[in-house]
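Notes for the one structure printed next.
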C-alpha cells in the first residue's frame, strides 16, 4: 500500500491536521504495511508549520518519503532536515519564463525568481550534505503551454539551478499531442546536463480509440489519500469530494476504513474519471495481468 499523506491547508478553507493526528495516521499506515508516503498538494504541504517534523517522522518510521511542492515556501524551512529525510522532491515549476509562470501559477516575476532561488539553494544543500534525494521540476503541457520556446526554457532553468531532471506531463483532460521528434531532440540536446523526462505512458495513448481500456480501478488498492480534513480518499482525483470519502480518521481507524473501502470503491463509475490519471499506468498493467490470468491456465504461465 502506498499512502499519499497530505499535510496542508486545503482548498476549501483553513483545514489542517494537528501534529498528534499526523503522527497517528503515519503510525496507522505503517501498521497496515505502507511502504512510502508523499507529502503533496491540493494546497501546499509547506503551508503546514510542522511539515518538516512530519517528513522526519515518516522517514524514522522506515517509509520512503516523497515531496511535491510549488517551491515558494522552501526558504522558510530547514532544508538540511528536509533532504536528509526525503527520497525525492519535485517542484511544480510549470514554466521557464515569468510569462508562463504567470499564466499557469497565477504569480508574477518576484515569485518565479524566489522559487528559482529556493531551488538553487536546495541543490546547494544536497551537494553539501551528500544527500541522495532526487530533485526535479515538472511542467504541465496543454493547449496553452505546448510552446517550443517555453518548454526549452523550462529545461534550461532547471539545468541552470542543478536539478536532476525536468519532467513534462499533460494537464488533466487536455489531450494536446506532443511532437515526438521535438521531444527526442530535447532529450538528446540536454542529455549531458539534465535528464529530460516525458510521461510517454500517457502521451502515447492520446490517439487511442479507448482512452481507458479497463473497467476496474486497481490502483485504489495500492494508493490512498489522507486529506487535511482527515478524510480518506481512494485517489487524488476524488479528494475533497465528500461523497467519495472512504471515511474520517477522526471517527474511524485507518484499519477499519481500509477493510470497508470496497463497498464505496464499487460505486465509483471510472468512466467519469479523468483519463490518464495518476493510477492509469497501474490500472493498465493490472488489467493485462487479469486478462492473462483469465485467458490462460495457471499451469502454463
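In our numbering, the protein residues as written are 159 to 459. Glycine is no exception: its CB is placed at the ideal position from the N, C-alpha and C atoms.
By DSSP, does residue i sit in helix, in strand, or in coil?
| i | result |
| --- | --- |
| residue 312 | helix |
| residue 227 | strand |
| residue 175 | coil |
| residue 452 | helix |
| residue 247 | strand |
| residue 287 | helix |
| residue 382 | strand |
| residue 440 | helix |
| residue 197 | strand |
| residue 328 | strand |
| residue 159 | Confidence at residue 159 is low in this model, with a pLDDT of 44, below 50, so the placement of that residue is unreliable and no value is reported for it. |
| residue 222 | strand |
Which same chain residues end up closer than 7 angstroms to residue i when comparing Cβ atoms and leaving out the 5 residues on each side of it in sequence?
| i | result |
| --- | --- |
| residue 276 | 229, 232, 233 |
| residue 284 | 241, 291, 293 |
| residue 372 | 441, 442, 445 |
| residue 449 | none |
Run the CB neighbour count on residue i, radius 10 Å, all protein chains shown included, and call it buried at 16 or more, exposed below.
| i | result |
| --- | --- |
| residue 328 | buried |
| residue 312 | buried |
| residue 206 | buried |
| residue 236 | exposed |
| residue 349 | exposed |
| residue 447 | exposed |
| residue 161 | Only weak support exists for where residue 161 lies, its pLDDT of 48 falling under 50; the value from the coordinates is given anyway. Per the 10 Å Cβ criterion, buried. |
| residue 203 | buried |
Using the DSSP secondary-structure output, state which residues sit across from residue i in a beta bridge.
| i | result |
| --- | --- |
| residue 323 | 294, 353 |
| residue 406 | 389 |
| residue 282 | Note: residue 282 sits in no beta bridge, so no partner. |
Return the chain-ordered list of same chain residues with a C-beta closer than 6 angstroms to the C-beta of residue i, the five sequence neighbours on each side being excluded.
| i | result |
| --- | --- |
| residue 426 | none |
| residue 208 | 177 |
Give every residue of the same chain whose Cβ lies closer than 8 angstroms to the Cβ of residue i, excluding the five residues on either side of it in the sequence, and list them in chain order.
| i | result |
| --- | --- |
| residue 332 | 299, 300, 301 |
Check whether the region 444 to 454 and the region 388 to 403 are in contact - that is, three or more C-beta pairs closer than 8 angstroms.
no
Using a Cβ distance threshold of 8 angstroms, determine whether the region 370 to 384 contacts the region 334 to 346, with at least three qualifying pairs required.
no
Could you tell me whether the region 255 to 266 touches the region 189 to 199, using the rule of 3 or more Cβ pairs below 8 angstroms?
no
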